[in-house]
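In the UniProt record's numbering, the protein residues as written are 1 to 252.
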Amino acid sequence: MAVALSTLVEEADRYLGSAKIADYCPNGLQVEGRPQVMRIVSGVTASQALLDAAVEAEADLVLVHHGYFWKGENPCITGMKQRRLKTLLKHDISLLGYHLPLDLHPDVGNNVQLARQLDITVEGPLDPDNLKIVGLVGSLSEPMTPRDFARKVQEIMGREPLLVEGGAMIRRVGWCTGGGQGYIDNAIAAGVDLFLSGEASEQTFHSARENDISFIAAGHHATERYGVQALGDYLAKRFALEHIFIDCPNPI
């Protein structure tokens, strides 16, 4: 079956509530391709590797978490940006991207989906007084040592995480996928035993060590693979479409 591009975009915008969320990039349809969609290819980032794979897969639409046109970037269509856009336009493929709306969603969101992967029971937002912070807090069904939890993360993510080991057993966890390491102080205030994010900064180590909590950096790309897959599955089921997730590995 096929669905009109406009109908699919309207449903994705509605489902994610993207119009209500301020962001650093446009959410929704970023590049318009053919008017009918039968096959969706999803991936974390609209890199050239993903676009080439989408062309090979004969996709009508590429769905991503990291799209284009970020605030503050050079607006000129040259170099890498020119090549990416040329690929989409030449092959009449649409690009649909959702950034913060896909981090925040209570069902297909990156943070909720990561919790399901790691068997964390979601308790609520990382900072109830500041809902602009997209992280969450939750608990494990049984306490684990920091190293055992890190091994579990490695098994799920398929890559060895960076672990800063604290002294406590892990019962309560705070997390924010992607580049959420700056929220470690909010996690400390929330009383967690471990904070997990995709990336780490130099000061993250000191915050964790001096507050005696554990910290894991599991990879920006790796922690954000699951939301876009869940959204692609939702849209495919909603409109009886074909959906293919393509993982273009990224060690960061």
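Backbone N, C-alpha and C define an ideal beta-carbon position, used for all residues, glycine too.
Using only the alpha-carbon positions, how far apart do residue i and residue j sit?
i	j	result
residue 21	residue 100	7 Å
residue 242	residue 35	16 Å
residue 193	residue 127	15 Å
residue 58	residue 27	24 Å
residue 239	residue 1	8 Å
residue 184	residue 230	27 Å
residue 42	residue 129	34 Å
residue 7	residue 32	13 Å
residue 9	residue 140	36 Å
residue 205	residue 171	20 Å
residue 85	residue 70	15 Å
residue 138	residue 117	13 Å
Cα-Cα, which of the options is closest to residue i?
i	options	result
residue 221	13, 230 and 252	252
residue 109	44, 128 and 91	44
residue 232	38, 69, 151 and 116	38
residue 160	167, 150 and 169	150
residue 92	5, 228 and 162	5
residue 107	16, 245, 211 and 215	16
residue 173	244, 120 and 8	120
residue 148	46, 208, 132 and 168	168
residue 14	143, 234, 139 and 204	234
residue 186	116, 179 and 195	195
residue 3	125, 83 and 236	236
residue 176	142, 85, 170 and 124	124
residue 178	207, 250, 69 and 74	250
Report yes if the CB atom of residue i is closer than 7 Å to the CB atom of residue j, and no otherwise.
i	j	result
residue 65	residue 224	yes
residue 103	residue 134	yes
residue 218	residue 122	no
residue 165	residue 181	no
residue 246	residue 53	yes
residue 216	residue 163	yes
residue 30	residue 97	yes
residue 188	residue 211	yes
residue 49	residue 67	no
Under a Cβ-count criterion, where at least 16 other Cβ atoms within 10 Å of its own Cβ denotes burial, should residue i be classed as buried or exposed?
i	result
residue 18	buried
residue 24	exposed
residue 77	exposed
residue 190	buried
residue 105	buried
residue 157	buried
residue 145	exposed
residue 95	buried
residue 74	exposed
Could you round the C-beta distance between residue i and residue j to whole angstroms and report it? I think they count as a contact, below 8 Å.
i	j	result
residue 88	residue 51	6 Å
residue 226	residue 136	Not really, about 14 Å apart at Cβ, beyond 8 Å.
Is there a Cβ of chain C sitting closer than 7 Å to that of residue i, yes or no?
i	result
residue 47	Reference to chain C is not applicable here, since this structure consists of a single protein chain.
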